[in-house]
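Notes to accompany the following structure.
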Amino acid sequence: MAGRFAQVVMVNSNWTKSHINLMWRTNAVVVFPPCDTADFIASQSKSKSRVVVSLGQFRPEKDHRLQLKSIQLLRNLLNDDTRMPKLIIFGSCRDEQDEKMVGGLKVYSQKLGIDSFVEFHVNLPYSELKVHLAKALIGIHTMWNEHFGIAPVEMMAAGIILVAHSSGGPKVDIIEHGVTGYLAESAEEYSNTIFKILEMYDNSGGDDSHVLAEMRESAVISVDRFSQDKFFNSFTNAIAPLIN
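Heads up, the sequence shown is in my numbering, so the first residue is 7 and it goes up one at a time.
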């Protein structure tokens, strides 16, 4: 009820806008969160490592278990451990509960028989994170119905071919499937897509295939919509009716 009295309503994505407009009977303005895209674009490396990276807080809704299951299925598809990429999971822990979750994920990776292909990096300094992302080939993001998705934007800006969940902000606002990245839902879809990207990469002799290079370039161009400068302009335009 209080929301219906707001003169200006800003939301972080078109997906969120549809919900707020329905509940508050308003016409919300989309103001995408400010992402430091320029910093990640500047840190890109031309030399890509054959790894899959994940970026996000260690919280249940991020569904890291889906990532691990996808890697197990990928191992079956490749049927050759020498071709298996490493999954490197970067994330932050807020408290002891989050740390216990990381421990549980490590146990789960052992249960799936893929622990030798998985690394966990907790609370890594930003400067080190940028170096890792700059060299990564593939990114994976598995949260269902995330309102926006700053981590997917940062990975795309770093020149990573992203496979994100086909829902919420990543689907509606961030990724154009097959053009700036890929969308998936099930572990099978994730593993099949990662396999497809690896095949293109390996068949090009470790250099970018035409498809991957074009997708990477399109993704980097597309995330300019989420830059800090664009946020400043969108925010000031949104509040203009209140101060004019």
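All C-beta atoms, glycine included, are put in the ideal place defined by N, C-alpha and C. This structure is a prediction, so every number in the text was calculated from the model and none was measured.
- DSSP, reduced to helix, strand and coil, places Leu79 within a helical segment of the structure shown.
- Lys92 carries a strand assignment under DSSP once its states are collapsed to helix, strand and coil.
- Sixteen is the threshold: since fewer than 16 other Cβ atoms of the shown chains lie within 10 Å of the Cβ of Gln103, the residue is exposed.
- Here the alpha carbons of Thr199 and Ile94 stand approximately 17 Å from one another.
- Annotation for Leu139: the continuous alpha helix (DSSP H) segment containing it runs Tyr132 to Lys141.
- One alpha carbon belongs to Val58, the other to Arg100, and they sit about 24 Å apart.
- Beyond the five residues adjoining it in sequence on each side, Asp42 comes within less than 7 Å, by CB distance, of Gln234 in the same chain, given in chain order.
- A distance of 8 Å or more separates the beta carbons of Gly145 and Leu130.
- By the 16-neighbour rule on beta-carbons within 10 angstroms, Met29 is exposed.
- Around the beta carbon of Lys106, a 10 Å sphere encloses fewer than 16 other beta carbons of the protein chains shown; the residue is thus reported as exposed.
- Collapsing the DSSP output to three states places His183 in a strand.
- The three-state secondary structure of Met162, taken from DSSP, is helix.
- About 5 Å separates the beta carbon of Ala244 from that of Val35, a gap short enough to meet the 8 Å contact definition.
- Looking at the backbone, the Cα of Ser172 and that of Ser133 are separated by about 30 Å.
- Cβ-Cβ distances below 8 Å link Arg71 to Leu111 and Tyr114 in the same chain, with the five nearest sequence neighbours on each side left out; the list follows chain order.
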